[in-house]
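Engineer:
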Amino acid sequence: MLFDYATLKLIWWLLVGVLLIGFAIMDGHDMGVGSLLPFVGKNDDERRVVINSIGAHWEGNQVWFITAGGALFAAWPMVYALAFSGFYWAMMAVLWALFFRPVGFKYRNLVKDQRWRNAWDWGLFVGSFVPAVVFGVAFGNLFLGVPFSFDQMMRSTYTGSFFQLLNPFALLCGLVSVTLLIMQGGAYLAHRTEGVIQDRTVKYAMISAIVMVVLFVGAGVWIQSIDGYAITSQIDPAALANPLTKEVVVQPGAWMANYAKYPMAWAFPALGIIMPLLTAVLLKARKTLTAFVTSSLAIVGVIMTAGVSLFPFIMPSSTTPNASLTIWDSVSSHLTLMVMLYVVVLLLPIVVFYTSWAYSVMRGKVTVAYIRENDHTSY
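In this text, residue positions in the sequence shown follow the UniProt record's numbering: the first is 1, and each later residue adds one.
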C-alpha cells in the first residue's frame, strides 16, 4: 500500500473537506443566484437573464453534491448512516426543496403565463434558499453534539427530533451559510450580467457579505461559551474502526483547543472575515471576477474553520460522548480508502478540467437582447 492506515484517514479528512468546498463554491453559487432571483429580476426578461446565467452549468455542478455524498458513504460509512438517519427529516426537506430546481428550470418557460412563471421563480428560490440554510443548520448541530448512541453490536440509536435541530445556535449557522452562498452567487451573477440587473445584484451581494461577516464573528464568539469535546484516552490512529474504545469528556473551550495547539489555523477564520469584506469592495468597484475568487476563498475559510474546530471529531455524541465519531475510528478499511484514493486522483482532475473548459466556452454576459434573440432555446 502507498500510504499507511493512519495517513489515509487524515488524507480522507482533507479530501472530504475539498469536496465540500468544491460543492459550496460550484453548486453554492447556483443556490446563491436562485436565492437572488425574485429580487434582482423585476420582470420576466430580467428573470430569464438571471436563470440563464446558470442554466448551462447548474446540472454539471450537481456532480460536486453527488461526489461529496459518495465520498462520505465510502470513507465514513458510520457518519453517512447516522447523518442520513438522524437528520432524516432535515435531509428530506433538502430533497423536497431540490425538486423545485430541475422542474423549475425545465417547465418555467413552457407556458407564457406570468402567474405560471412567477410560481416557478419562487420554486427556484425555495430550491436554492432552503438547502443553503439546512446545510448550515446541520453543521451548527455538530458543535452542540448529536443525540445518538451505539449498543455492543454497533447498532446506532438516534433520540433527537427535527425541531431539536432548529436551535438558536444552529439557526445562526444556517444564516451564515445562506448569506455566504448569496454572496457567492451574487459575485457570479454580477460577473455574468450588466446594467440594472448587475446593479441590483451588487447591492444585495454587498449586503450579504457584510451580514455574513457579522454573523460569522457572532458564531465564533458564541462557540467559545459552548462546551466542546476532547479525547482523554490514548488513540491508535492505525486501529480498525470502533468508536467505543475511547474516552471523551465534554468541557468548556474544547472547540478552541486546536487554535491554541496550531496557531497557523487562525488563518482560516481570518479568511472567513477578510475575504467577504474584500468581496464587497471589489463588487462595488465592479471587479466581478476577482470578487468571485475572494468569495470562493471566504468559503474555504468558513468550511475549514468548522473542520479545524471540530478536528478530530466528525460527529460528536451528546448522549454518549465516548461514542462520538472521529476521523480515527469511523472510517472504512485500509483497502477501501486506498482504492477510493486512486479513484479520486484519477477522476477529480477530469471533473475540474471539464468544468473549467465548460465555463470557458460559455463565458460572457447574458443580456436581455440575447434572451429575446434566443427565445426558444433559452430557459
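Think of the CB as a built atom: it goes at the ideal place given N, C-alpha and C, for glycine as much as any other residue.
Applying the 10 Å Cβ sphere with the 16-neighbour rule, what's the burial state of N374?
Structural biologist: With fewer than 16 Cβ atoms within 10 Å of its Cβ, N374 is classed as exposed.
Engineer: Just to confirm, are D27 and F65 a CB contact at a threshold of 8 Å?
Structural biologist: yes
Engineer: I'd like to confirm the pairing. Which residues does DSSP put opposite D227 in its beta bridges?
Structural biologist: P252
Engineer: Evaluate contact between the stretch 119 to 130 and the stretch 95 to 108, counting only Cβ atoms and requiring at least three cross-stretch pairs below 8 Å.
Structural biologist: yes
Engineer: Going by CA-CA distance only, name the one from L289, S85, S324, L271 that's closest to M304.
Structural biologist: L271
Engineer: Please confirm if the stretch 44 to 54 is in contact with the stretch 106 to 123, defined as three or more CB-CB distances below 8 Å between the two stretches.
Structural biologist: yes
Engineer: Y158 by DSSP, collapsed to three states: which one?
Structural biologist: strand
Engineer: From the DSSP secondary-structure annotation, give me the bridge partner or partners of residue 451.
Structural biologist: The chain is shown only over 1 to 379; residue 451 falls outside these bounds and no answer can be derived.
Engineer: Runs of 4 residues minimum, wholly inside the stretch 252 to 307: which ones carry the alpha helix (DSSP H) assignment?
Structural biologist: As for any alpha helix (DSSP H) of minimum length 4 sitting wholly inside the stretch 252 to 307, the runs are 257 to 261, 267 to 284, ordered along the chain.
Engineer: Among A75, W89, S295, which has the Cα closest to the Cα of M340?
Structural biologist: Nearest of A75, W89, S295 to M340, Cα basis: A75.
Engineer: Specify whether the stretch 342 to 361 and the stretch 264 to 283 touch according to this definition: at least 3 beta carbon pairs, one from each stretch, less than 8 Å apart.
Structural biologist: no
Engineer: Check whether the stretch 127 to 147 touches the stretch 311 to 320, counting contact only when three or more Cβ pairs, one atom from each stretch, lie closer than 8 Å.
Structural biologist: yes
Engineer: Spatial neighbours of V178 within its chain, please: C-beta separation below 6 Å, excluding the five flanking residues on both sides.
Structural biologist: A132, V133
Engineer: Using DSSP with H/G/I as helix, E/B as strand and the rest coil, what is S85?
Structural biologist: helix
Engineer: In chain order, what residues of the same chain lie with their CB nearer than 8 Å to the CB of L37, ignoring the 5 residues before and after it?
Structural biologist: Within the same chain, L37 has close Cβ partners R47, V50, I51, D121, L124, F125, S128.
Engineer: Over the uninterrupted alpha helix (DSSP H) stretch that includes S356, give me the two end residues.
Structural biologist: 334 to 361
Engineer: Measuring only the C-alpha atoms, how far is M362 from L244?
Structural biologist: 51 Å
Engineer: Quick check on DSSP: helix, strand or coil for V366?
Structural biologist: coil
Engineer: Here's a check: name, in chain order, each residue in its chain whose Cβ is nearer than 8 Å to the Cβ of A56, leaving out the five neighbours to either side.
Structural biologist: A358, M362
Engineer: Out of curiosity, what's the CA-to-CA distance linking M212 and Q152?
Structural biologist: Rounded to whole angstroms, the separation of the alpha carbons of Q152 and M212 is 43 Å.
Engineer: Please name the residue, chosen from M78, D30, V249, that lies closest to P102 on a Cα-to-Cα basis.
Structural biologist: D30
Engineer: Do you know whose CA, among T193, G174, L277, lies nearest I371's CA?
Structural biologist: T193
Engineer: Let me check understanding here. Comparing Cα to Cα, which of S360, F311, K365, I273 lies closest to K9?
Structural biologist: F311
Engineer: For the beta strand (DSSP E) that residue 383 lies in, which residues bound it at each end?
Structural biologist: The displayed coordinates of the chain run from 1 to 379. Any statement about residue 383 would go beyond what the structure contains.
Engineer: What I want to know is whether the C-beta of S161 ends up closer than 7 Å to one or more non-hydrogen atoms of the ligand FMN.
Structural biologist: The ligand FMN is absent from the structure shown, which contains no ligands of any kind.
Engineer: Measure the alpha-carbon distance for S53 versus V331 and round it to whole angstroms.
Structural biologist: 39 Å
Engineer: Report yes if the CB atom of L237 is closer than 8 Å to the CB atom of A6, and no otherwise.
Structural biologist: It is worth fixing the name first, because residue 237 is Pro in this sequence and not Leu. Yes, Cβ-Cβ distance for P237 and A6 is below 8 Å.
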